[in-house]
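Residue numbers (the numbering used here), protein chains in the order written: chain Z, 681 to 1057; chain P, 3 to 311.
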């Protein structure tokens, strides 16, 4: 009796194990129902396919863009697999220097001065990990939208000084004379302004506060950095601040363009002194094309001009980089990386990113990027 | 105070039967009251404990249930699916979870069971105490510490890549104490009479263990293993540190990233786009289902195989 039941258990477990293994054998990667339309054919012609598996990690700001690029690349090149984990820019740099990923995604280029507490610079550590110079390659431009929710106000213009005063709590109601003065013809209600900010450490916060500090140095008194030092109520992640503004009359925050689009929030026009500029892809590319190359050679580090008064240039944006070894340790992987980045930087792919809230690289920078990618080996 | 109480106090001897009667009924009333209060409190505590459970199940089923009815959920991976697309499935993550659990079990079960056999059958003196103490310490190790330890050894010291096998190593650390403790209990339940009868027939000790003790406790050991498996399958910290996610089906635990259900949930948990949010709930429900099935299997095995005495 006992032995019989034991056998039965052994059988059951055996069947379960075999079943598990059998199940592990099947399953399909072929999601043909997902149609990718448009420019994937154009990138197909411009991309020589490579095969293999490639892993990257880092910035969440570029995750949606790179997901799209990966999907399109893999449609063109079925033999290739590219993985990207959005774990944050800091983690991206760390894993890249630890040799864990073939490329890192970061909102800021590798630093050439040691950060507090470190003995070697990020650049030096990355170079050492590569055994060759590590290059920063700008790939995705993420505009930051100033979004608001005020009943009856569908058009709002903000200058850097007024933005800074709103975000550090000096201006507290929507019908404040300072706001009214730059928005002639708009009826502003007496609703209180509710500022929301990112409670987590964020590259978006860093770039937005950098913009405020550069463009409104007298009005913006708080420090700039990854953590918010202004006034308001903290919310977790881009989705958190976007949802909070959507649900709050009188709310205002800064968030990535893609979130503003997905949540269908009203975006303020920014007037840096050259007239109000609406957030559009050409306006962002226009501002980015004015950025200066602060790196050397194929290491492309863009220095943004937040104070630009150029008409039609939208000044609040962040650039995310792919960090890669100029000479890959594994030839096959290096070839795959080069092929993937080439497809990512192609005009077809960059134009496609506009629909999901990113701006394409301007022609002058795209040229430098393509040169750098071609020089990868 | 009732009149009966007063009389019973003043005239104890004379009025014992009625007094004690009255006292009895009084005390029983207070007992009944206390009983009632205790019962209400207990039921309340039970219901309060039930609230989060039902709530979790309810939201997971309502938000993620629909996806599971889609046949591609069980057959396809997420390759080529971005957060704004509907489609694809969780086959890659389900397979990854099962494969990593199996690989972990292959390593942890022999070590765990052997350790338990040593502790129960052979362990005397200082070494056994040390082993037992170490198992206790291992039980108390938070999963994040196990994960960081393996990261320090695997990546920082040896410079290897993060692969599925490294995750398995961290999970082994978490699974061993569970198996040791459950197997130990099961072996202790085996009657000493059985062992003595076996010795009396001249059977050597190792054979007694292999043929009498372990078979008698077999179903209990299997139950412990299944529960241990259920525990490590839902473990997330080692996966976050050692097992980055991939959308592709990947079954080679030595050669690259292996996707799992917890990392699939983590990947999209901050998304606002509906297709991605739905998939997070779907993956959560799938994970709950798999672990539920394992728990039920554990119960079934222990019921079917309970030693007949």
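For every residue, glycine included, the Cβ atom is placed at its ideal position computed from N, Cα and C.
Which residues in the same chain as residue 741 of chain Z place their Cβ atom closer than 6 angstroms to its Cβ, once the five residues preceding and following it in sequence are excluded?
-> In the first chain, counting from the first residue as 1, residue 741 of chain Z sits at position 61. For residue 741 of chain Z, where only same-chain residues beyond five positions count, the Cβ hits under 6 angstroms are 787, 822, 883 and 1000.
Please work out which residues of its chain come closer than 8 angstroms, Cβ to Cβ, to residue 994 of chain Z, disregarding the five sequence neighbours upstream and downstream, and give them in chain order.
-> Here residue 994 of chain Z corresponds to residue number 314 of the first chain, with the count starting at 1. So the list reads 823, 950, 957, 958, 959, 960, 963, 964, 966 and 967, once near-sequence residues are dropped.
Range covered by the alpha helix (DSSP H) that runs through residue 745 of chain Z | Position 65 of the first chain, counting from 1, holds the residue named residue 745 of chain Z. That run of the alpha helix (DSSP H) goes 743-756.
Close-in-space but distant-in-sequence residues of the same chain around residue 725 of chain Z (CB under 8 angstroms, 5 per side omitted) | For the purposes of this step, residue 725 of chain Z is identified with residue 45 of the first chain, where counting begins at 1. Only weak support exists for where residue 725 of chain Z lies, its pLDDT of 42 falling under 50; the coordinates are left without a value.
Please list the residues of the stretch 1024-1037 of chain Z that have a C-beta atom closer than 8 angstroms to any C-beta atom in chain P, keeping them in chain order.
-> 1036
9 angstroms Cβ cut-off: residues of chain P touching residue 733 of chain Z = Counted from its first residue, the first chain places residue 733 of chain Z at position 53. By Cβ distance, chain P contributes 248, 250, 252, 257, 258 and 259.
Could you tell me whether the Cβ of residue 165 of chain P comes closer than 8 angstroms to any Cβ of chain Z?
-> Translated into positions along the second chain, residue 165 of chain P becomes position 163. It does not; no Cβ of chain Z falls within 8 angstroms.
Identity of the residues DSSP links to residue 824 of chain Z by a beta bridge | The residue given as residue 824 of chain Z occupies position 144 in the first chain. According to DSSP, which records beta bridges pairwise, residue 824 of chain Z is partnered with Z:936.
Give the single residue among P:273, P:118 and P:297 whose Cα lies nearest to the Cα of residue 235 of chain P.
-> The residue you call residue 235 of chain P lines up with position 233 of the second chain. Of the listed residues, the one whose Cα sits closest to residue 235 of chain P is P:297.
Whose Cβ in chain Z lies nearer than 8 angstroms to the Cβ of residue 78 of chain P?
-> By one-based count along the second chain, residue 78 of chain P stands at place 76. Per Cβ cutoff of 8 angstroms: 707, 708, 709, 710 and 711.
Could you spell out the range, first to last residue, of the beta strand (DSSP E) harbouring residue 734 of chain Z?
-> Mapped onto the first chain, residue 734 of chain Z falls at position 54. Residue 734 of chain Z -> beta strand (DSSP E) spans 732-738.
For residue 98 of chain P, three-class secondary structure by DSSP = If you number the second chain from 1, residue 98 of chain P lands on position 96. In the structure shown, residue 98 of chain P sits in a helix (DSSP, three-state: H, G or I).
Residue 785 of chain Z versus chain P: which residues are under 9 angstroms apart at the beta carbon?
-> Mapped onto the first chain, residue 785 of chain Z falls at position 105. None at all; the shortest Cβ gap to chain P is about 13 angstroms.
What residues of chain Z sit near residue 95 of chain P, judged by a beta carbon separation below 9 angstroms?
-> Position 93 of the second chain holds residue 95 of chain P. Within chain Z, no residue comes near residue 95 of chain P; the closest Cβ sits about 10 angstroms away, beyond 9 angstroms.
Could you tell me whether the Cβ atoms of residue 256 of chain P and residue 167 of chain P are closer together than 8 angstroms?
-> Locating residue 256 of chain P in the second chain gives position 254, counting from the first residue. Locating residue 167 of chain P in the second chain gives position 165, counting from the first residue. Closer than 8 angstroms, so yes.
For the stretch 51-64 of chain P against the stretch 266-273 of chain P, are there 3 or more C-beta pairs whose distance is under 8 angstroms?
-> no
Determine the DSSP secondary structure at residue 10 of chain P, reduced to helix, strand or coil.
-> Your numbering for residue 10 of chain P matches position 8 in the second chain. Since pLDDT at residue 10 of chain P reaches only 44, below the 50 mark, its modelled position is unreliable, and no value is offered.
Extent of the continuous alpha helix (DSSP H) to which residue 1000 of chain Z belongs = Mapped onto the first chain, residue 1000 of chain Z falls at position 320. From DSSP, residue 1000 of chain Z is part of no alpha helix (DSSP H) but of the beta strand (DSSP E) over 997-1005.
Does the pairing of the stretch 131-150 of chain P with the stretch 171-181 of chain P give three or more beta-carbon distances under 8 angstroms?
-> yes
Distance, Cα to Cα, residue 1045 of chain Z vs residue 858 of chain Z?
-> Walking along the first chain from the start, residue 1045 of chain Z turns up at place 365. Walking along the first chain from the start, residue 858 of chain Z turns up at place 178. Between residue 1045 of chain Z and residue 858 of chain Z, the C-alpha separation is close to 37 angstroms.
Cutoff 7 angstroms; reference residue 97 of chain P; Cβ partners in own chain excluding five residues on either side | In the second chain, residue 97 of chain P corresponds to position 95, counting from 1. Same-chain partners within the cutoff: 251 and 253.
Three-way DSSP call (helix, strand, coil) for residue 785 of chain Z in this model | In the first chain, counting from the first residue as 1, residue 785 of chain Z sits at position 105. Residue 785 of chain Z falls in the strand class under three-state DSSP.
What distance in whole Å lies between the Cβ atoms of residue 189 of chain P and residue 122 of chain P, which are believed to be in contact at a cut-off of 8 angstroms?
-> As a working mapping, residue 122 of chain P is identified with position 120 in the second chain. As a working mapping, residue 189 of chain P is identified with position 187 in the second chain. Sure, about 4 angstroms apart at Cβ, within 8 angstroms.
For residue 943 of chain Z, return the contacting residues in chain P, with the cut-off set at a CB-CB distance below 8 angstroms.
-> Here residue 943 of chain Z corresponds to residue number 263 of the first chain, with the count starting at 1. Within 8 angstroms Cβ-Cβ: 274.
Straight-line gap, residue 771 of chain Z to residue 836 of chain Z (C-alpha atoms, nearest Å) = One-based indexing of the first chain puts residue 771 of chain Z at position 91. One-based indexing of the first chain puts residue 836 of chain Z at position 156. Distance between the alpha carbons of residue 771 of chain Z and residue 836 of chain Z: 37 angstroms.
Could you say which of P:107, P:248, P:35 and P:157 lies nearest to residue 231 of chain P if we only look at CA atoms?
-> Position 229 of the second chain, counted from the first residue, corresponds to residue 231 of chain P. If we check each option's Cα against that of residue 231 of chain P, P:107 comes out closest.
Where residue 761 of chain Z falls: helix, strand or coil (DSSP) | Your numbering for residue 761 of chain Z matches position 81 in the first chain. Note: residue 761 of chain Z maps to strand in three-state DSSP.
In terms of residues, what are the limits of the beta strand (DSSP E) holding residue 831 of chain Z?
-> For the purposes of this step, residue 831 of chain Z is taken as residue 151 along the first chain, with counting starting at 1. No beta strand (DSSP E) holds residue 831 of chain Z; DSSP gives it neither H nor E.
Taking only runs that begin and end inside the stretch 948-983 of chain Z, name each unbroken beta strand (DSSP E) of 3 or more residues, in chain order.
-> 949-951
Beta-ladder partner(s) of residue 815 of chain Z, from DSSP = Numbered from 1 along the first chain, position 135 holds the residue referred to as residue 815 of chain Z. Paired residue(s): Z:1004.
In DSSP terms, what residue 853 of chain Z is bridged to | Locating residue 853 of chain Z in the first chain gives position 173, where the first residue counts as 1. Note: residue 853 of chain Z sits in a beta bridge opposite Z:872.
Report back the beta-carbon spacing between residue 817 of chain Z and residue 1002 of chain Z to the nearest angstrom; my notes put them in contact at under 8 angstroms.
-> For the purposes of this step, residue 817 of chain Z is taken as residue 137 along the first chain, with counting starting at 1. For the purposes of this step, residue 1002 of chain Z is taken as residue 322 along the first chain, with counting starting at 1. That belief holds up - the Cβ atoms of residue 817 of chain Z and residue 1002 of chain Z are roughly 5 angstroms apart, short of 8 angstroms.
Do three or more CB pairs link the stretch 756-771 of chain Z to the stretch 965-985 of chain Z at distances below 8 angstroms?
-> no
Limits of the alpha helix (DSSP H) - the one that residue 123 of chain P falls within = To locate residue 123 of chain P, count along the second chain from 1; it is residue 121. Looking at the DSSP string, residue 123 of chain P is not in any alpha helix (DSSP H), and its letter there is neither H nor E.
Can you name the residues that DSSP bridges to residue 1039 of chain Z?
-> Translated into the one-based positions of the first chain, residue 1039 of chain Z becomes position 359. The partner list for residue 1039 of chain Z (beta bridge, DSSP) reads Z:821.
Compare the beta carbon distance of residue 828 of chain Z and residue 938 of chain Z with 8 angstroms and say whether it is the shorter of the two.
-> Taking the first residue of the first chain as position 1, residue 828 of chain Z is located at position 148. Taking the first residue of the first chain as position 1, residue 938 of chain Z is located at position 258. In this structure, residue 938 of chain Z does not lie closer than 8 angstroms to residue 828 of chain Z by Cβ.
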